[in-house]
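Under the numbering used here, the first residue of the sequence shown is numbered 2, with each subsequent residue one higher.
Glycine is no exception: its CB is placed at the ideal position from the N, C-alpha and C atoms.
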Amino acid sequence: TLWGKRVVITRARAQASQLLERIRDLGGQAIEFPSIKIEKEKNLAALHNAFKNIGQYDWIIFTSINAVDIFFAESRQAGLDIRDLQGIKLGAIGPATRDKLLARGLRVDVVPEDYRAEGILKELRERIKPGQWILLPRARGARSILPDTLRRWGAHVNEIYLYQAIAASQVSQATLKNIIAGNMDYLTFTSSSTVSNFVKIIGAENIAGLKGKVKVACIGPVTADTARENGFSVDILAQEYTINGLLEAILEDL
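Structure follows, in structure tokens:
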């Protein structure tokens with residue numbers, strides 16, 4: 002179990018509940034320190050234009066839960082019906098995103114085994130035909146490998162930014178002091194944006210001091226690379242790039 006271990010959660014508050022509950026179930030002390038907040042784009046005209054021509058798309062690829070939530074909240078406002086998506090294939094980058102789509106009664110055609118852009122590209126390689134239209138609703142600042150590769154294969158990609166992860170403005174000063182002092186056992190990162198914004202909050206000059214005091218656990222290789230680029234040494238890397246995978250890896254480390 003995680004008995005008595007202090008585990009810092011840097012996810013946006015709205016998405017931290019699953020991780021919080023699991024840590025507490027395992028006897029650990031979950032310390033909420035959201036480094037990001039999800040900010041919806043103010044102007045979603047491009048998305049509403051895509052809704053008007055939704056029938057022209059062959060694929061819609063969702064790379065996050067946030068993208069699913071915002072896409073369907075907006076589509077409901079636009080009077081779009083689930084039936085309007087008939088005949089469009091859906092891709093989801095990981096199991097949590099897939100489950101969000103399934104909960105809406107949608108069939109998901111592709112979920113890669115490797116839960117990142119490279120994984121979904123591997124699955125799509127044989128399926129995407131030149132000239133096909135792909136709708137990619139995603140986060141501003143996301144990696145460009147997905148749209149770039151799809152375009153290289155001859156697809157028309159409409160990449161629409163729905164939100165961005167920005168640095169959280171309200172942080173607990175007491176928790177901040179405790180983190181800088183190294184009074185935590187594990188620091189968890191679930192995306193590159195949680196890393197870069199955590200560094201903005203804590204100050205790059207305080208990263209080196211955490212080494213040997215606090216173990217850094219990352220959900221996947223992309224997040225781990227961002228952590229290393231920011232001066233962290235990554236102690237724990239999840240084998241399966243999910244919240245459960247991250248916790249399994251921490252438990253194995255104990």
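(Q) By alpha-carbon positions, which one of D226, I220, S234 and G232 ends up nearest to L248? (A) I220
Q: Would you mind working out which of A93, G5, E42 and P148 sits nearest R25, comparing C-alpha positions?
A: G5
(Q) Taking the alpha carbon of K41 as the reference point, which residue from E114, A74 and H157 has its own alpha carbon closest? (A) A74
Q.
For a quick check, are the C-beta atoms of N67 and L163 less than 9 Å apart?
A. yes
(Q) Here's the rule: buried if 16 or more other CB atoms are within 10 angstroms of the residue's CB, otherwise exposed. What is S36? (A) buried
Q: Pair every Cβ in the stretch 175-183 with every Cβ in the stretch 148-160, then say whether three or more of these pairs are closer than 8 Å.
A: no
Q.
I need the boundaries of the alpha helix (DSSP H) containing V196, first residue and last residue.
A. S193 to I203
Q: Could you tell me the boundaries of the beta strand (DSSP E) in which R139 lies?
A: W134 to A140
Q | Nearest to R229 (by Cα), restricted to the options A143, K216 and E253 | A | K216
Q | G155 versus Q133: straight-line alpha-carbon distance, rounded | A | 8 Å
**Q.** Nearest to T224 (by Cα), restricted to the options L211, F199 and K214
**A.** F199
(Q) Let me confirm a value: K101 is counted as buried when at least 16 other C-beta atoms fall within 10 Å, else exposed. Which label applies? (A) buried
Q | Length of the line joining the Cα atoms of I62 and G120 | A | 13 Å
Q) Over what stretch of residues does the alpha helix (DSSP H) that includes L177 continue unbroken? A) Q174 to I181
Q | Closest Cα partner of R152 within the set Q165, K130 and A209 | A | K130
Q. Counting only runs that start and end within the stretch 62-140, where is the beta strand (DSSP E) found for 3 or more residues in a row?
A. 90-93 and 134-140
Q. Residue range of the alpha helix (DSSP H) that F52 falls in?
A. A46 to K53
Q | A166 burial status per 10 Å Cβ neighbour count (16 or more: buried) | A | buried
Q.
Can you tell me whether E230 is helix, strand or coil according to DSSP?
A. helix
Q) Which same chain residues, not among the five before or five after R12, have their C-beta less than 7 Å away from its C-beta? A) L20, P35, T191 and T195
Q | Distance between P222 and F233 (C-alpha atoms, nearest Å) | A | 14 Å
Q: Using only alpha-carbon positions, find the residue among G106, L125 and L81 that is nearest to G92.
A: L125
Q: Answer with yes or no whether the minimum CB distance from Y187 to chain D is below 9 Å.
A: No chain D appears in this structure, which consists of one protein chain only.
(Q) Per DSSP, what are the beta-bridge partners of E33 in this structure? (A) I10
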